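Numbering (UniProt numbering) for the sequence shown: 1 to 252.
Read through the structure below, which is laid out as structure tokens, and then see the notes.
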Amino acid sequence: MGEGLLDALLPPSCLTCREPVMRHGAFCPACFRDLQRIGDPLCDGCGVPFLHVEQGVPATGRLFCAACAERPFPFARARAAFVYGDVSKRLILPFKHGDRPDLARPMARAMALAGKELLAEAGILVPVPLHWRRLLRRRYNQSALLARHLGRQAGRPWLPDGLRRTRGTTSLGGLGAAGRAMEVEGAFLVTPRGRRAIAGQRVLLVDDVLTSGATAAACARALLEAGAREVDVLAAARVLPRDTPGNTDRQG
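And the structure:
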């Protein structure tokens with residue numbers, strides 16, 4: 001009854017444009033077609049998709065991109081639902097900066113499909129934290145909302161305050177991989193409650209966008225040093241490195 005009343009008052013529209021759709025939380029045919037989902041084959045380390053299996057470097061029964069094969073991240077595996085591109089930006093940016101927390105539920109559904117193996121093996125979900133000043137401005141932590149919905153959908157516990165950002169960091173948008181890593185180095189701390197909850201657990205770190213992996217790596221190091229057995233990463237969108245074959249988006 002509630003959904004029927006909502007449909008009558010607010011007719012369903014596409015998540016990324018205003019075209020009418022059959023139900024709330026859905027994409028119109030055009031956006032659904034152009035939304036770049038990430039699936040196999042991909043790098044088992046950082047989650048970058050491959051055009052074909054031959055792009056990957058096989059090692060220890062897994063497939064890696066050249067960068068991960070040479071220098072793996074401290075987290076074990078990363079997955080994302082979408083490539084960060086023209087369509088997914090119209091989903092991510094309003095959610096992150098446009099006061100649209102309602103987008104967390106449909107995004108978490110897509111993430112659950114992309115990261116079903118990681119969710120099945122996770123002992124606890126921990127979101128990437130915001131600094132308290134940014135949290136005051138934004139009024140919600142988008143990664144925490146995603147973790148909450150993922151935990152409910154997968155039947156896994158989640159810990160909203162497992163990690164704390166110890167200092168504010170500048171926007172990482174204009175920085176390269178090295179600059180991002182320097183900016184977030186030592187910026188995350190596992191809380192006392194987090195230490196008790198993650199001890200010996202396989203932790204699934206949840207974020208909205210995975211770019212260079214610097215933030216996820218800094219969080220993973222903090223979690224591992226605090227006693228986590230292993231850390232995986234699940235994000236809504238993955239920014240492709242500029243040299244990724246087939247990448248036509250200029251966002252770094």
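No residue lacks a Cβ here, since even glycine has one placed at the ideal position from N, Cα and C.
These numbers were taken from a predicted model, which means no experiment stands behind them.
Item, Value
"Going by CA-CA distance only, name the one from Gly213, Gly162, Arg202 that's closest to Pro192.", "Gly162"
"With DSSP as the reference, label Arg242 as helix, strand or coil.", "coil"
"Per DSSP, Leu42 is paired with what?", "Pro49"
"Is Arg250 buried or exposed, if buried means 16 or more other CB atoms sit within 10 Å of its CB?", "Below a pLDDT of 50, predicted positions are generally treated as unreliable, and Arg250, at 40, falls in that range; the measurement from the model is reported next regardless. So Arg250 counts as exposed."
"What does a CB cutoff of less than 7 angstroms around Ala66 pick up in its chain, not counting 5 residues either side in sequence?", "Val57"
"Do the region 108–117 and the region 125–132 meet, that is, are 3 or more Cβ pairs less than 8 angstroms apart?", "no"
"Output needed for Cys14: all residues of its chain with C-beta closer than 6 angstroms, excluding positions within five of it in sequence on either side, in chain order.", "Val21, Phe27, Cys28, Cys31"
"Would Ala217 and Phe73 be called neighbours here (beta carbons separated by less than 8 angstroms)?", "yes"
"From Gly61, Gly98, Asp232, Ser212, pick the residue whose C-alpha is nearest to that of Asn141; which is it?", "Gly98"
"Between Arg90 and Thr16, is the Cβ-Cβ spacing less than 8 angstroms?", "yes"
"Specify the secondary structure class of Arg250 as computed by DSSP and reduced to three states.", "Its pLDDT being 40, under 50, Arg250 is placed unreliably by the model, and the measurement read from it follows with that caveat. Coil, per DSSP."
"Are there three or more Cβ pairs, one per stretch, closer than 8 angstroms when the region 226–234 is compared with the region 77–90?", "yes"
"Within 10 Å of its beta-carbon, does Trp132 have 16 or more other beta-carbons around it, so buried, or fewer, so exposed?", "exposed"
"Helix, strand or coil: how does DSSP classify Leu130 here?", "coil"
"Return the chain-ordered list of same chain residues with a C-beta closer than 6 angstroms to the C-beta of Gly25, the five sequence neighbours on each side being excluded.", "Pro106"
"Taking Asp34 as the reference, which of Gly85, Ala197, Gly194 has the closest Cα?", "Gly85"
"By the 10 Å Cβ neighbour count, where 16 or more other Cβ atoms means buried, how is residue 256 classified, buried or exposed?", "As displayed, the chain neither begins before 1 nor continues past 252, which places residue 256 out of reach and without an answer."
"Assign Ala237 to one of two classes, buried (16 or more other C-beta atoms within 10 Å of its C-beta) or exposed (fewer than that).", "buried"
"Taking the Cβ atom as the reference point for each residue, do residue 253 and Gly200 lie within a distance shorter than 8 angstroms?", "In this structure the chain extends from 1 to 252, so residue 253 is not present and cannot be described."
"Which first and last residues belong to the beta strand (DSSP E) in which Pro192 is found?", "No beta strand (DSSP E) contains Pro192, which is instead part of the alpha helix (DSSP H) from 192–198."
"I'd like to know whether the C-beta atoms of Ile38 and Ala154 end up nearer to each other than 8 angstroms.", "no"
"DSSP on Leu125, reduced to helix/strand/coil?", "strand"
"Give a yes or no on whether the C-beta atoms belonging to Leu223 and Val203 are separated by under 8 angstroms.", "yes"
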